[in-house]
Amino acid sequence: MPELPEVHTVLEGLQSALEGRQISALHSYYPGTVSYDPALDYEPFPARVIAGIRRGKYMILNLDNATSLIIHLRMTGKLIYEAQPNEVHKHERARFELDNGAAIRFFDLRTFGKIILLKSENLQNYLPKLGAEPLSPDFTAQYLLQKLKGRKAPIKNLLLDQSIVAGLGNIYVCELLYRARIRPETAGDKITLQQAKEMVKHTVDVLNEAILVGGTSVSDYRRIDDKTGEFQHFLRVYHKEICPLGHEVKRIRQGGRSSFFCPLCQK
DNA sequence: CAATGATCCTGTCCGC
DNA sequence: TGCGGACAGGATCATT
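Take a look at the structure:
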């Protein structure tokens, strides 16, 4: 599932594929994948990308005509660059055509991914309230503690809340809690300053390590050249039977999702 | 406001 | 071999 490191990797690939190019058209093959800001009363293409920004799991592309694109891959979205694009695939939901005949194809088996075209000035209306970027200086133990104050929900659920920390998903939350030696069921308001510090440190570490190897491919995630990431080889508890110390990993359900943790390593 | 649960979607896997 | 059901889960919406 694309989380921060995967979105980061895809955005980098997207930017290099679009470098010096013009997007000549956007085609949509599935209703609901591409949507348009009603204020967009002009034809947005052709246009050039002048900036690519990641915010949480959202990719934002600013075009040279005051138009922006928001792309969210959700669970199964993939952006794949092809110099000589094939015919439309069963799971292809949209396609960007470039001025050199290449294409960026948006595949999305489960159709939850979104592409939004909007006036750049309206960007804030199309992004939800997002919490701190975990790789920014805003993400501190103090920030986290303040957000967790009075929250009875399990820390696992709270770390998945994008309005608290933007960009974490199921995989990295399981991994960072293992590294921080904290049980996923721990109530938010029971987290100590020391634990908050551990969480911040290990969040930053695990995300940076994953970015270095192009993200985690557990199912559908691919880079823009259709290659897998490599961080799945370094996971310690997610979808594991035993942790690196040889203890049995337990699997529980929290908020409808699987949590993996080691009852011996995590307190 | 906070917490929980349903919903959207389709391919894969498991048990019988 | 085939079938039904569980599962995968990010974000949003409804309910309590």
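So the first sequence is residues 1 to 267, counted in this note's numbering. Every residue gets a Cβ at the ideal spot worked out from N, C-alpha and C, and that includes glycine.
Looking only at DSSP bridge pairs, what is residue i linked to?
i, result
"I224", "Paired residue(s): none; I224 is not in a bridge."
"D108", "G77"
"A51", "N62"
"P154", "A187"
"S136", "Answer is none; S136 lacks a bridge partner."
"H114", "This sequence places Lys at residue 114; His is not what is there. DSSP output for K114 lists H72 as bridge partner(s)."
"I242", "E248"
"Q22", "Paired residues: none, contrary to the question."
"A103", "E82, E97"
"V173", "For V173, which the question treats as bridged, DSSP gives no partner whatsoever."
"T33", "BP columns for T33 are empty, so no partner."
"T67", "K119"
"F261", "K250"
"H91", "H91 is not bridged to any residue."
"V165", "A132"
Quick check: what's the CA-CA separation for residue i versus residue j?
i, j, result
"K149", "F139", "16 Å"
"T192", "L145", "8 Å"
"H239", "G214", "19 Å"
"Q162", "P85", "35 Å"
"Q195", "G246", "24 Å"
"S35", "E248", "46 Å"
"G169", "I115", "20 Å"
"I224", "N62", "19 Å"
"K113", "L177", "Sequence check: residue 113 is Gly here, not Lys. Taking the straight line from one Cα to the other gives about 27 Å."
"V237", "A47", "44 Å"
"Q22", "S259", "43 Å"
"T67", "Q254", "39 Å"
"H91", "Y221", "14 Å"
"V173", "L159", "7 Å"
"Y143", "E175", "21 Å"
"G101", "E230", "30 Å"
"D205", "T9", "16 Å"
"Q232", "E241", "14 Å"
"C243", "H89", "39 Å"
"N125", "K190", "35 Å"
"N65", "S136", "29 Å"
Taking buried to mean at least 16 other C-beta atoms within 10 Å of its own C-beta, is residue i buried or exposed?
i, result
"L207", "buried"
"F234", "exposed"
"N157", "buried"
"Y42", "exposed"
"R183", "buried"
"L264", "exposed"
"K3", "The identity of residue 3 in the sequence shown is Glu, whereas the question assumes Lys. It is buried - the Cβ of E3 has at least 16 other Cβ atoms within 10 Å."
"K152", "exposed"
"Q266", "buried"
"R110", "exposed"
"P154", "buried"
"P44", "buried"
"D37", "buried"
"P5", "buried"
"L212", "exposed"
"G167", "buried"
"G32", "exposed"
"G13", "buried"
Could you check whether residue j and residue i sit closer than 8 Å to each other, using their CB atoms as the reference points?
i, j, result
"K227", "A141", "no"
"M199", "A180", "yes"
"V24", "E87", "It should be noted that the sequence gives Ser, not Val, for residue 24. For S24 and E87, no; Cβs fall outside 8 Å."
"E121", "A103", "no"
"K78", "V7", "no"
"M59", "I50", "no"
"A132", "V165", "yes"
"V218", "I252", "no"
"A94", "S16", "no"
"L18", "L69", "no"
Assuming residue i contacts residue j (C-beta within less than 8 Å), just tell me the rounded distance between them.
i, j, result
"P134", "T203", "5 Å"
"L130", "R55", "6 Å"
"K119", "L40", "6 Å"
"G52", "L11", "5 Å"
"T76", "D108", "5 Å"
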